[in-house]
Amino acid sequence: LALDIPADTEYGGIRAELEAAGKPIGPNDLFIAAHAYALGAVLVTANDGEFSRIRALKIENWLDEPN
């Protein structure tokens, strides 16, 4: 995936929002999340704890047991 300005812009906005809430995440996870958010993509991860802090980020955990 190409890194472009929308991902950079989202990175800054998400970082500021999480830091203001006192719930920052690591810079690598933040970069991955910003990229997915900028593309409107679903982020597939088993790290629900970190990524669920990001408002409106679509995440799926394929390791979750089906209902």
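For the sequence shown, position 59 (counting from the first letter as 1) is numbered 59 according to UniProt numbering, and the numbering increases by one without interruption. Where is the CB? At the ideal position from N, CA and C, for every residue including glycine.
- Kindly list the residues whose CB is nearer than 6 Å to the CB of His35, restricted to its own chain and excluding five residues on each side of it in sequence; keep chain order. Ala7
- Message: Which of the three DSSP states is assigned to Leu63 in this structure?
- Response: coil
- Query: In angstroms, rounded to a whole number, what distance separates the CA positions of Asp48 and Ile59?
  - Reply: 8 Å
- Message: Bridge partners for Leu43 per DSSP, in chain order?
- Response: Ile59
- alpha helix (DSSP H) segment containing residue 70, residue limits: In the structure as shown, the chain starts at 1 and stops at 67, and residue 70 therefore has no counterpart that could be examined.
- Task: Compute the distance between the beta-carbons of Ile54 and Ala33, then report whether it is under 9 Å.
- Result: yes
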